[in-house]
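Presented below is the structure to which this report refers.
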Amino acid sequence: MPPPNTPASDSDTPPGAVNINSLSAPQLRALQTRLSSELEHLTSSHAKLRAAQSRFRDCVRSINEGVVGSEKKGTQGRDEILVPLTTSLYVKGRLVDREKVLVDVGTGYYVEKTAAKAIEFYEQKVKELEVNLTELEKLVQTKSGQQKLFEDALRQKLMSEGAGSSSAAAAGGG
Numbered sequence: 001m002p003p004p005n006t007p008a009s010d011s012d013t014p015p016g017a018v019n020i021n022s023l024s025a026p027q028l029r030a031l032q033t034r035l036s037s038e039l040e041h042l043t044s045s046h047a048k049l050r051a052a053q054s055r056f057r058d059c060v061r062s063i064n065e066g067v068v069g070s071e072k073k074g075t076q077g078r079d080e081i082l083v084p085l086t087t088s089l090y091v092k093g094r095l096v097d098r099e100k101v102l103v104d105v106g107t108g109y110y111v112e113k114t115a116a117k118a119i120e121f122y123e124q125k126v127k128e129l130e131v132n133l134t135e136l137e138k139l140v141q142t143k144s145g146q147q148k149l150f151e152d153a154l155r156q157k158l159m160s161e162g163a164g165s166s167s168a169a170a171a172g173g174g
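See below:
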C-alpha cells in the first residue's frame, strides 16, 4: 500500500482507465472536445425530454379542462372545443363522445381511452420522463466534472511545457 500523500501508481487505476497526467496536450484537447460535444448532446436531450414532459402535462390539463371540467361546470350541451393541430394552431371541433378520448401513444398511433385512463396514461409518462431526467442530470454533472478535470490537467500541462521551454531557452541562450 503506498504511503499517504503519494501519487497513485498506474496499477491503482481501474482497468480501461487512463491517468490523465500521462496524456499529451493534444490528447487532452481531443478528449476535452469529445466531452464537450457529449455534454452538448446530453443538454439538448435534456431540453427535449423536458419539452415532451411539458406536452404530456398539457394533455392532462386539456382533458381536465376540456372534457372532465366541462362536465363538472354543467356545460354538457356545449360540445365545441378547440382541437390542437400543432402547438400554436387550433381548429374548432365538436365532442362526439364525452366518455372517450383519443390518446396519442406514439409514432402516429392513437388509442381510444376513457378520460380517466387517458389522464392516468399521461401522468405515467410524466413520471417516467422525470426518472429519465434525473438520471440524465446526474450524467451531465459527472461529465461536467470530468471536463473540468481535463481542463485543469491541460492547463497544468501547458504551463509545465511553457515553463520547461522557457527555462531550456534561457539555459541554451547563456
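Here the sequence shown stands for residues 1 to 174, numbered as in UniProt numbering.
For each residue, glycine too, the CB sits at the ideal point set by N, CA and C.
Reference residue i, options the options, closest by Cα
i           : options            : result
residue 142 : 119, 122, 38, 59   : 38
residue 61  : 107, 45, 115, 94   : 115
residue 42  : 156, 140, 155, 152 : 140
residue 94  : 105, 80, 103, 33   : 80
residue 104 : 96, 25, 125, 89    : 125
residue 59  : 131, 85, 144       : 85
residue 97  : 109, 23, 113       : 113
Which of helix, strand or coil DSSP assigns to residue i
i           : result
residue 21  : helix
residue 161 : helix
residue 155 : helix
Integer-rounded CB distance, given that residue j should sit under 8 Å from residue i
i           : j           : result
residue 63  : residue 149 : Going by Cβ atoms, the distance from residue 63 to residue 149 rounds to 48 Å, so no, they are not a contact pair.
residue 129 : residue 52  : 6 Å
residue 133 : residue 46  : 7 Å
residue 49  : residue 136 : 7 Å
What are the uninterrupted segments assigned as beta strand (DSSP E) that are 3 or more residues long and contained completely in the segment 58–124, given in chain order? Within the segment 58–124, the complete beta strand (DSSP E) segments at least 3 residues long are 80–84, 90–94, 100–106, 109–114, listed from N- to C-terminus.
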